[in-house]
Amino acid sequence: MSVETAPRTRRTAVVTGASSGIGAATARALAASGFRVVCAARRADRVAALAAEIDGLAVACDVTDADQVAALAEAAGEVVHVLVNNAGGAFGSDPVESADAEQWKAMYDVNVIGLLRVTQALLPALRASGDAVVVNVGSTAGRVAYEGGGGYTAAKHGTKVVTETLRLELVAEPIRISEIAPGMVHTPEFSLVRFGGDQEKAEQVYAGVRNPLVAEDVADAIAWVATRPSHVNIDQLVIRPRAQAAQHKVHREG
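If you read the sequence shown in this note's numbering, its first letter stands for residue 1208, the second for the next number, and so on.
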């Protein structure tokens, strides 16, 4: 891992889970908005390619590993203006009765504890900016329960509540706290990972849905939140495709 030594004239943003999907799209969107983006993810080769593309900095980081998170904070530098806690994921879709407890632990570890670790590590640099924004990527699953989603909905409810608590605790400081809660987003890997690589099951999630959200839609919203005037805090933003009226109500054609 290398740390830049050249003078920094751009504002700095840190994006976790930046190797693909919403994270990669967000890194590109923030770079287009003028930020120097620190791209963090477990897959070093992918974040290296992304960082080279957007003139950013790549850091291999698993947010569930305290040492790697500390190295991320060091690489990001003494001043950070935007933190996007995007690293997360869903594993499995079994009902509560037969759910795998280890999968539930893994979801809580990355969606909640990982967010906690990164936020704690970067708070000094966020404070040092004098005008910072933390954007936590939650989900509509953090608002409504559904069958087969107990572990993921519990974890994303955790993301939501941590965000709300942090906003209360930091209200006197120049740090804004926001949550983006996407609904149905069609990315190449989210459902594939959830269903253990079962391509057919992954495709069924979006079957018949005309124009689900894509990663760039969510990234556009994140960049908008991150670039509001310093007195404006977007507490939460729920974003769904038009075809999804609610978690349980999706229009499917054909």
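C-beta atoms are modelled at their ideal positions from N, C-alpha and C, and glycine is treated no differently.
- If you count every other CB in all the chains shown that lies within 10 Å of the CB of alanine 1452, and 16 or more means buried, which is it? Residue 1452 sits at position 245 when you count from the first residue of the sequence shown. Counting Cβ neighbours within 10 Å, alanine 1452 comes out exposed, since fewer than 16 surround it.
- When DSSP labels each residue in this structure, what does threonine 1394 get in the three-state scheme? Within the sequence shown, numbered from 1, the residue matching residue 1394 stands at position 187. In the structure shown, threonine 1394 sits in coil (DSSP, three-state: anything other than H, G, I, E or B).
- Item | Reference isoleucine 1429; option with closest CA among His1455, Gly1356 and Gln1443 | Mapped onto the sequence shown, residue 1429 falls at position 222. Of the candidates His1455, Gly1356 and Gln1443, the one whose C-alpha sits nearest the C-alpha of isoleucine 1429 is Gln1443.
- Given a threshold of 16 other Cβ atoms within 10 Å of its Cβ, counted over all protein chains shown, does valine 1266 qualify as buried or as exposed? Numbered from its first residue, the sequence shown carries residue 1266 at position 59. By the neighbour-count rule (16 or more Cβ atoms within 10 Å), valine 1266 is buried.
- Query: First and last residue of the beta strand (DSSP E) that includes proline 1389?
  - Reply: Here residue 1389 corresponds to residue number 182 of the sequence shown, with the count starting at 1. Unbroken beta strand (DSSP E) run through proline 1389: 1382-1389.
- Rounded to a whole number of angstroms, what is the C-alpha to C-alpha distance between lysine 1312 and threonine 1347? Within the sequence shown, numbered from 1, the residue matching residue 1312 stands at position 105. Within the sequence shown, numbered from 1, the residue matching residue 1347 stands at position 140. Computed Cα separation, rounded: 20 Å.
- Would you say valine 1291 and glycine 1365 are within 8 Å of each other, going by their C-beta atoms? Residue mapping note: residue 1291 aligns to position 84 of the sequence shown, counting from 1. Residue mapping note: residue 1365 aligns to position 158 of the sequence shown, counting from 1. Contact flag unset, no.
- Can you check whether the CB of aspartate 1338 is closer than 8 Å to the CB of serine 1437? For this step, residue 1437 is matched to residue 230 along the sequence shown. For this step, residue 1338 is matched to residue 131 along the sequence shown. In this structure, aspartate 1338 lies closer than 8 Å to serine 1437 by Cβ.
- Which of the three DSSP states, helix, strand or coil, is assigned to valine 1340? Sequence index remark: in the sequence shown, residue 1340 carries index 133 (1-based). If DSSP states are grouped into helix, strand and coil, valine 1340 belongs with the strands.
- Task: May I have a chain-ordered list of the alpha helix (DSSP H) segments no shorter than 4 residues that lie completely inside the segment 1242-1298?
- Result: 1251-1261 and 1273-1283
- Message: If you follow the alpha helix (DSSP H) that glutamine 1310 is in, where does it begin and where does it stop?
- Response: As a working note, residue 1310 is residue 103 in the sequence shown. Counting along the chain, the alpha helix (DSSP H) containing glutamine 1310 begins and ends at 1308-1315.
- Message: So alanine 1258 and leucine 1264 are supposed to be a Cβ contact under 8 Å. How far apart are they, rounded?
- Response: Locating residue 1258 in the sequence shown gives position 51, counting from the first residue. Locating residue 1264 in the sequence shown gives position 57, counting from the first residue. Contact holds; Cβ gap of about 6 Å.
- Cβ neighbours of tyrosine 1413 in the same chain (closer than 6 Å, five flanking residues each side left out): Against the sequence shown, residue 1413 aligns to sequence position 206. For tyrosine 1413, where only same-chain residues beyond five positions count, the Cβ hits under 6 Å are His1393 and Pro1419.
- What is the DSSP secondary structure of glycine 1345, counted as helix, strand or coil? Mapped onto the sequence shown, residue 1345 falls at position 138. Three-state DSSP puts glycine 1345 in coil, outside helix and strand.
- In three-state DSSP terms, what is threonine 1233? As a position in the sequence shown, residue 1233 is number 26, starting the count at 1. Looking at threonine 1233 - three-state DSSP - the assignment turns out to be helix.
- Message: Which same chain residues end up closer than 6 Å to valine 1368 when comparing Cβ atoms and leaving out the 5 residues on each side of it in sequence?
- Response: The count along the sequence shown starts at 1 and reaches residue 1368 at position 161. Excluding residues within five positions, none has a Cβ falling inside 6 Å.
- beta strand (DSSP E) containing leucine 1420: first to last residue? Taking the sequence shown and counting its residues from 1, one reaches residue 1420 at position 213. Here leucine 1420 belongs to no beta strand (DSSP E), and DSSP marks it neither H nor E.
- Item | Unbroken beta strand (DSSP E) run spanning threonine 1219, endpoints | Here residue 1219 is taken as the residue at index 12 of the sequence shown, counted from 1. Taken as a continuous stretch (DSSP letters only), the beta strand (DSSP E) holding threonine 1219 covers 1219-1223.
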